[in-house]
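Trainee: Mapping of the sequence shown onto my numbering: position 392 corresponds to residue 406, and the numbering continues sequentially without gaps. Glycine included, each C-beta is placed from N, C-alpha and C at the ideal position. The structure's right below; bear with me while I get my questions together.
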Amino acid sequence: MDNFPVVAQSDADLPNYTHKHKLLVQSAVESDSQAKARVGSDFDVRMMRRCLELARCALGRTSPNPLVGAVVVKDGEIVGEGFHPRAGEPHAEVFALRAAGDRARGATVYVSLEPCNHYGRTPPCSEGLIAAGVAKVVVGMVDPNPLVAGGGIARLRAAGIEVVVGVETEACQQLNEGFVHRILYKRPLGILKYAMTLDGKIATTSGHSAWVTNQDARGEVHQLRAACDAVIVGGNTVRLDNPHLTSHQMEAHNPLRVVMSRHLNLPEDARLWQTAQAPTLVLTEVGANPDFQKFLLKQGVEVVELTSLTPDQAMAHLYERGFCSVLWECGGTLTASAIAQGAVQKILAFIAPKIIGGSHAPTPVGDLGFTNMTEAIALERVRWRVVGSDCLVEGYLPQIKQ
Ligand SMILES: NC(=O)c1ccc[n+]([C@@H]2O[C@H](COP(=O)([O-])OP(=O)(O)OC[C@H]3O[C@@H](n4cnc5c(N)ncnc54)[C@H](OP(=O)(O)O)[C@@H]3O)[C@@H](O)[C@H]2O)c1
Ligand SMILES: [Zn+2]
15 MDNFPVVAQS
25 DADLPNYTHK
35 HKLLVQSAVE
45 SDSQAKARVG
55 SDFDVRMMRR
65 CLELARCALG
75 RTSPNPLVGA
85 VVVKDGEIVG
95 EGFHPRAGEP
105 HAEVFALRAA
115 GDRARGATVY
125 VSLEPCNHYG
135 RTPPCSEGLI
145 AAGVAKVVVG
155 MVDPNPLVAG
165 GGIARLRAAG
175 IEVVVGVETE
185 ACQQLNEGFV
195 HRILYKRPLG
205 ILKYAMTLDG
215 KIATTSGHSA
225 WVTNQDARGE
235 VHQLRAACDA
245 VIVGGNTVRL
255 DNPHLTSHQM
265 EAHNPLRVVM
275 SRHLNLPEDA
285 RLWQTAQAPT
295 LVLTEVGANP
305 DFQKFLLKQG
315 VEVVELTSLT
325 PDQAMAHLYE
335 RGFCSVLWEC
345 GGTLTASAIA
355 QGAVQKILAF
365 IAPKIIGGSH
375 APTPVGDLGF
385 TNMTEAIALE
395 RVRWRVVGSD
405 CLVEGYLPQI
415 KQ
């Protein structure tokens, strides 16, 4: 969590909690023990879900930091809320404590990630919580960094604060799966998304692919982009689809749009070269098409030459930029290479109940070199969901032992 600095900022950035909903922990008729059981379960879960809701306000904007939300509760009422808006700005607990003011004394603080315990430009959140005189801290998940895991919790306990760990842990981990992956593997989480017909085609034999899925599925993809730091396609997809790759929402975050192209024989009128709405980065090989590189730079497109233009090197570069999650939206050729190199961990496959046929129509994943069905990569933690008139299959590739 080295990249998790704390800098004071104005109150104007405090999350809006004017609706301060009064949440009664217990009714007057309940006994103490009944109330306790409820505080330890339903109420805690509700407060932690509120933390997650707050954390999501900064979706796609916090990398390399995690999404974190915090809530201060006094006498069954929320008296302060906060979330971490972006790297370089204060942590969720700082905003929540600031909003609560004196009411933080003796209060319970809910926070979706273990409070930090290191000195940056301002003191760590553990010290802030101790100084505010809170009585109890409920933590969603411990810090994934093995070097600091548990440090914040231990510091709070040493100061006599009651700490409960593990409320809505799975949801907390899910929200920050990119951040966790980044910490553990020193690479962003690679998410492969594709849309195919029921007969497994991502385009027609002529390469036409607009649209495989319906509006609802495309809306989900826009939300997914808003939550990711970058989205990658290959040169062919730019030539054939001329995509926007934005989140198509007024207020939402747009990912960095990344094109991997070896020779840069790309059209001058591609939508991705319009950078007013979202930035574009082209990754290429050393010395590729200097004239086109000059053209791109003039358009405000960033060009980076990699000594080896591979999915792993692309991910290494995006890791250095501080990214947590990267969406692969490329065609089958680049996808196969990304899977083979371990640049993809999660798959989102939208399946449209339609048939296009074509024995040479492109499929989602090119050649992986497998010849026997027993070699197939079996996804784990698989979920199926209906999205409008399409189906979404979600799962994770088995983690390669490192
Ligand atoms: N339905 C969907 O979800 C979906 C999504 C994306 C694409 N598509 C369709 O997929 C088709 C394009 O498929 P594609 O496989 O050619 O996809 P692609 O996304 O264009 O990837 C291939 C291109 O990536 C570039 N590349 C750079 N480094 C590479 C590496 N190490 N390995 C492989 N490629 C590398 C090359 O560009 P250069 O040739 O410029 O060097 C290559 O031509 C189109 O018909 C498009 O409509 C469908
Ligand atoms: Zn902190």
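Give me the Cα-Cα distance between PHE306 and GLN291, rounded to the nearest whole angstrom.
Mentor: Spanning the two alpha carbons is a distance of roughly 22 Å.
Trainee: Please check the pair GLN313 and THR298, which I expect to be a contact at CB under 8 Å, by giving their CB distance rounded to whole angstroms.
Mentor: With a Cβ gap of about 15 Å, GLN313 and THR298 do not count as contacting.
Trainee: Extract the residue ranges of the alpha helix (DSSP H) inside the stretch 176-253, only unbroken runs of 4 or more that lie entirely within it.
Mentor: Within the stretch 176-253, the complete alpha helix (DSSP H) runs of at least 4 residues are 183-189, 191-199 and 229-241.
Trainee: Distance, Cα to Cα, GLU394 vs ALA302?
Mentor: Using only the alpha carbons, I get a separation of about 39 Å.
Trainee: What are the uninterrupted segments assigned as alpha helix (DSSP H) that are 4 or more residues long and contained completely in the stretch 79-128, given in chain order?
Mentor: Listed in chain order, the complete alpha helix (DSSP H) runs (minimum 4 residues) inside the stretch 79-128 are 106-114.
Trainee: Taking the Cβ atom as the reference point for each residue, do ALA366 and ALA209 lie within a distance shorter than 8 Å?
Mentor: It is a contact, given that the beta carbons lie within the stated cut-off.
Trainee: Is GLY346 near ligand 1, judged by its Cβ being under 7 Å from some heavy atom?
Mentor: Yes, since a heavy atom of ligand 1 falls inside the 7 Å radius drawn around the Cβ of GLY346.
Trainee: Could you check what DSSP says for SER339 in three-state terms: helix, strand or coil?
Mentor: Here SER339 sits in strand by DSSP.
Trainee: Quick one: measure Cβ to Cβ for GLU182 and LEU66, integer angstroms, because I've assumed they're closer than 8 Å.
Mentor: Indeed they touch by this definition, with Cβ atoms about 7 Å apart.
Trainee: On the DSSP letters alone, give me the boundaries of the beta strand (DSSP E) that LEU297 sits inside.
Mentor: Counting along the chain, the beta strand (DSSP E) containing LEU297 begins and ends at 294-299.
Trainee: On the three-state DSSP scale, how would you describe LYS368?
Mentor: If DSSP states are grouped into helix, strand and coil, LYS368 belongs with coil.
Trainee: Is PRO78 near ligand 2, going by C-beta to nearest heavy atom under 7 Å?
Mentor: No.
Trainee: Tell me which residues share the same chain as SER47 and place their Cβ nearer than 8 Å to its Cβ, disregarding the 5 neighbours each side in the sequence.
Mentor: Here SER47 scores only 44 on pLDDT, less than 50, and its place in the model should not be relied on; the value that follows carries that caveat. Counting only Cβ-Cβ distances below 8 Å, and skipping sequence neighbours, we find nothing.
Trainee: Regarding GLU343 and ligand 1, is the C-beta to nearest heavy atom distance less than 7 Å?
Mentor: It does: the Cβ of GLU343 is within 7 Å (strictly closer) of some heavy atom of ligand 1.
Trainee: DSSP on MET274, reduced to helix/strand/coil?
Mentor: Strand, per DSSP.
Trainee: What does the shell around ligand 2 hold, if a residue joins when its beta-carbon is under 5 Å from any heavy atom?
Mentor: Ordered along the chain, the selected set is HIS105, CYS130 and CYS139.
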